[in-house]
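*Asks:* For what it's worth, our numbering labels the leading residue of the sequence shown as 99, then goes sequentially. Idealized CB from N, CA, C, for every residue including glycine. Just so we're clear, the structure is a prediction, and the values are computed from it rather than from any experiment.
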Amino acid sequence: MAENGFESNDDYEFQLRCLLESPTRGIRTLNITGDGERRKTAFANALAHALEFPHVLYHDFTDENPPLPDVILPPSRDELGREEPPIEPLDQIVSEACAQSEGDPTVLILDQLHATDFREHIRIHRLVSNCYWNVRDGRYFANPRHLLLFLISEEPLYHALQKESFRIWINRVSEQHLIYRPDDFCLGQEAQPLFDALAALFRSLGAAPTQSELTRILCDLQLHVRTPAQLQLSLYGRTEGVERNTLEDPAHRTHLQQVVEAAQALLVSEHIELSGPQHRRGHPE
């Protein structure tokens, strides 16, 4: 999922096995909750692409100008020849998802569900339970073996819809604290004092950086950081969830200084090269 835009130290494997591998009578539905704000949207999109479904459809109820769907329902006229109003964006996207699921695995992401009329919750519950979507006089059937539905809302779902969903919590930041070692970054044991100092600093801050965040911080320590104030700027710039006022708390000054001193000591004895997705230890030629 990190390759698709969502990185976390937290493990969601168990919840996803419960969603994807448990028997169901209707459409498998994931209710993505939590304090992650738009991080929930990133999780939904990354998961959809990580599953490698051929079709990923997305609708945001707060979007005033949604993009045109790939499948456009034809206009209809009544018995007097009068043309009916345009099809609503929700009807367009759900109808397209139903059509795509007839032949291919499809993910439909409905984001910011709290912003729509509560009656739409009832219609979505009917889709999940009965595997069809009504648009005026037409009915579009979904293949429950192929269609996967992700729901994102800042408020509780309609009770019956919630009962048909599997709920997952996405944190604003990673909660699991990983213990990083120098060899995780292709560095030798001479870098251990720096990693010890970083671990103490992150415990003091209550932060749990991901591996890519720590990689960028190590690069800053090599190339740019020479003072505790500069380290504060690097940490704020690189680490999701670390607040500026927290970094400026005097309680963290000693830990910041220890990280800078450990990094400088390492640079005196050894050149560190960290570049791109591949991290290696070496000397300048």
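So what's His377 in DSSP terms, helix, strand or just coil?
*Replies:* Here residue 377 refers to the residue found at position 279 when the sequence shown is read from its first residue. Model confidence at His377 stands at a pLDDT of 47, short of 50, so the residue's coordinates are unreliable; what they give is reported in the following sentence. Note: His377 maps to strand in three-state DSSP.
*Asks:* Leaving out the 5 sequence neighbours to the left and right, which residues in its chain are closer than 6 Å to Gly338 when beta-carbon positions are compared?
*Replies:* As a first step, residue 338 must be located in the sequence shown, where it is residue number 240. Reading off the sequence, residue 338 comes out as Glu, not Gly. The answer, listed in chain order, is Val271.
*Asks:* Are the stretch 296-305 and the stretch 352-364 in contact at 8 Å, needing three or more beta carbon pairs?
*Replies:* The stretch 296-305 is in contact with the stretch 352-364.
*Asks:* Looking at C-alpha atoms only, which residue of His153, Val323, Arg217 and Val233 is the closest neighbour of Pro184?
*Replies:* Residue 184 sits at position 86 when you count from the first residue of the sequence shown. Minimum Cα distance to Pro184 is reached at Val233.
*Asks:* Jot down the residue ranges of each uninterrupted alpha helix (DSSP H) in the stretch 270-348, minimum 4 residues, whole runs only, in chain order.
*Replies:* Fully enclosed alpha helix (DSSP H) runs of 4 or longer: 290-303, 309-321, 326-336 and 342-345.
*Asks:* To the nearest angstrom, report how far apart Pro187 and Phe141 are at their CA atoms.
*Replies:* Residue 187 sits at position 89 when you count from the first residue of the sequence shown. Residue 141 sits at position 43 when you count from the first residue of the sequence shown. Straight-line Cα distance between these residues: approximately 23 Å.
*Asks:* Contact between the stretch 336-353 and the stretch 307-322: three or more CB pairs below 8 Å?
*Replies:* Output reads yes: the stretch 307-322 touches the stretch 336-353.
*Asks:* For Asn129 and Arg265, which I take to be in contact (beta-carbon distance under 8 Å), what is that distance rounded to the nearest angstrom?
*Replies:* Taking the first residue of the sequence shown as position 1, residue 129 is located at position 31. Taking the first residue of the sequence shown as position 1, residue 265 is located at position 167. Indeed, because the Cβ distance is near 4 Å, the residues count as touching under 8 Å.
*Asks:* Just list the alpha helix (DSSP H) runs in the stretch 204-236, keeping only unbroken ones of 4 residues or longer that don't cross its boundaries, in chain order.
*Replies:* Complete alpha helix (DSSP H) runs here, min 4: 216-228.
*Asks:* Can Phe283 and Leu211 be called in contact, C-beta distance under 8 Å?
*Replies:* Here residue 283 refers to the residue found at position 185 when the sequence shown is read from its first residue. Here residue 211 refers to the residue found at position 113 when the sequence shown is read from its first residue. Not a contact, by the Cβ cut-off of 8 Å.
*Asks:* Check for me: the beta strand (DSSP E) holding Phe406 runs from which residue to which?
*Replies:* There is simply no residue 406 to check, as the chain begins at 99 and stops at 383 in what is shown.
*Asks:* Output the distance between the C-alpha atoms of Asp161 and Thr214, rounded to the nearest integer angstrom.
*Replies:* The residue labelled residue 161 in the question sits at position 63 within the sequence shown. The residue labelled residue 214 in the question sits at position 116 within the sequence shown. Distance between the alpha carbons of Asp161 and Thr214 is about 11 Å.
*Asks:* Note down, in chain order, each residue of its chain lying with its Cβ closer than 6 Å to the Cβ of Ala146, except the 5 sequence neighbours on either side.
*Replies:* Mapped onto the sequence shown, residue 146 falls at position 48. Answer for Ala146: Val154 and Val205, listed in chain order.
*Asks:* Can you grab the Cα-Cα spacing for the pair Ala289 / Ser193, in whole Å?
*Replies:* In the sequence shown, the residue the question calls residue 289 occupies position 191. In the sequence shown, the residue the question calls residue 193 occupies position 95. Distance between the alpha carbons of Ala289 and Ser193: 56 Å.
*Asks:* Step through the CB atoms of chain B and report whether any lies within less than 8 Å of the CB of Gln260.
*Replies:* This model lacks chain B altogether, as it is built from one protein chain only.
*Asks:* In whole angstroms, what separates the C-alpha of Asn228 from that of Phe239?
*Replies:* Mapped onto the sequence shown, residue 228 falls at position 130. Mapped onto the sequence shown, residue 239 falls at position 141. Going by the C-alpha atoms only, they are around 9 Å apart.
*Asks:* So for Asn143, helix, strand or coil by DSSP?
*Replies:* Here residue 143 refers to the residue found at position 45 of the sequence shown. Looking at Asn143 - three-state DSSP - the assignment turns out to be helix.
*Asks:* Helix, strand or coil for Asp158 per DSSP?
*Replies:* Residue numbering aside, residue 158 sits at position 60 when the sequence shown is read from its first letter. Looking at Asp158 - three-state DSSP - the assignment turns out to be strand.
*Asks:* What's the gap between the Cα of His381 and the Cα of Leu285?
*Replies:* Here residue 381 corresponds to residue number 283 of the sequence shown, with the count starting at 1. Here residue 285 corresponds to residue number 187 of the sequence shown, with the count starting at 1. Note that His381 scores a pLDDT of 41, beneath 50, so its modelled location is shaky and nothing firm can be said.
*Asks:* With distances taken from CA atoms, which of Pro280, Leu114, Ser120 and Thr325 is nearest Thr313?
*Replies:* Within the sequence shown, the letter at position 215 stands for residue 313. Minimum Cα distance to Thr313 is reached at Pro280.
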